[in-house]
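Participant: Numbering (my numbering), first residue to last: 261 to 399. Ideal Cβ positions, reconstructed from N, Cα and C, are used throughout, including at glycine. Predicted model only: the values in this text are computed from it and were never measured. Structure incoming, see below.
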C-alpha cells in the first residue's frame, strides 16, 4: 500500500474519505428526519413536485454569503436535493435499505480530496458530493 497515493488507497481499501463520510452521514440523517426515524430537529419539510421529493429547512432563513448559508441544516438540504430522484424518493423502508442505495450511488461519485499535493489531479472545485456529482463514473 505504501506505493499507492491516498486516492488509490481509498479505492483499494473500499473506503470513503473523511469528507465523504461526513456528507454520507448528513444525507442519512436528513432522510431519517424526513422518515420520522429520528426527531426532525432541523425542521425539514418535504416538498413533492410529481415524483420528485426535495427538502427545505423551514427553521433557518436562507441568506446567501453569511453563516446561515453554511449551517449544517442548509448543507444537508443542498446535499439531499442534489441526489438523483430515485434516492430522494425512497420512503417507507428501513434505514439499511436507504444506506445500500446511497452507497451504490456514492461509489460512482469520485472521492478525490485535495491533500498532500494530490489536488492537481482533482477535476472538481472540491471533493464535496455537491461538486463531484458532475463527474459521476459510468457503471
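1) What's the gap between the Cα of residue 340 and the Cα of residue 307?
2) Compute the Euclidean distance between the alpha carbons of residue 274 and residue 388, then round it to the nearest angstrom.
3) DSSP puts residue 306 in a beta bridge; with which residues?
4) Consult DSSP for residue 350 and reduce its assignment to one of helix, strand or coil.
5) Can you tell me which of 395, 311, 386, 370 puts its alpha carbon nearest to the alpha carbon of residue 226?
6) Would you call the stretch 294 to 310 and the stretch 361 to 369 in contact, with 3 or more CB pairs under 8 Å?
7) Would you tell me roughly how many angstroms separate the C-alpha atoms of residue 295 and residue 337, rounded to the nearest one?
8) Can you tell me whether residue 264 is helix, strand or coil according to DSSP?
9) Using 7 Å as the threshold, is the C-beta distance between residue 313 and residue 348 below it?
10) Would you kindly work out how many angstroms separate the C-alpha atoms of residue 264 and residue 309, rounded to a whole number?
11) Figure out for me which residue from 333, 392, 271, 372 has the closest Cα to the Cα of residue 286.
12) Residue 342 and residue 393 look like a contact to me (Cβ under 8 Å); what is the Cβ gap, rounded to whole Å?
13) So is residue 281 buried or exposed if we call it buried at 16+ other beta carbons inside 10 Å?
Facilitator: Taking the coordinates as given:
1) Sequence index remark: in the chain shown, residue 340 carries index 80 (1-based). Sequence index remark: in the chain shown, residue 307 carries index 47 (1-based). Residue 340 and residue 307: Cα-Cα distance of roughly 12 Å.
2) Residue 274 sits at position 14 when you count from the first residue of the chain shown. Residue 388 sits at position 128 when you count from the first residue of the chain shown. C-alpha separation (whole angstroms): 18 Å.
3) As a first step, residue 306 is located in the chain shown; it is residue number 46 there, counting from the start. 315, per the DSSP bridge assignment.
4) Along the chain shown, one-based indexing puts residue 350 at 90. Coil at residue 350, not helix or strand.
5) Since the displayed the chain opens at 261 and closes at 399, residue 226 lies outside it and no answer follows.
6) no
7) Taking the first residue of the chain shown as position 1, residue 295 is located at position 35. Taking the first residue of the chain shown as position 1, residue 337 is located at position 77. So the two alpha carbons sit approximately 15 Å from each other.
8) By 1-based counting over the chain shown, the position of residue 264 is 4. Reduced to three states, the DSSP call for residue 264 is coil.
9) Locating residue 313 in the chain shown gives position 53, where the first residue counts as 1. Locating residue 348 in the chain shown gives position 88, where the first residue counts as 1. Yes, the Cβ-Cβ distance between residue 313 and residue 348 is below 7 Å.
10) Within the chain shown, the letter at position 4 stands for residue 264. Within the chain shown, the letter at position 49 stands for residue 309. So the alpha carbons of these two residues sit roughly 46 Å apart.
11) Walking along the chain shown from the start, residue 286 turns up at place 26. The shortest Cα separation from residue 286 among 333, 392, 271, 372 belongs to 333.
12) As a working mapping, residue 342 is identified with position 82 in the chain shown. As a working mapping, residue 393 is identified with position 133 in the chain shown. About 6 Å separates the two Cβ atoms, so the contact holds.
13) As a first step, residue 281 is located in the chain shown; it is residue number 21 there, counting from the start. Exposed.
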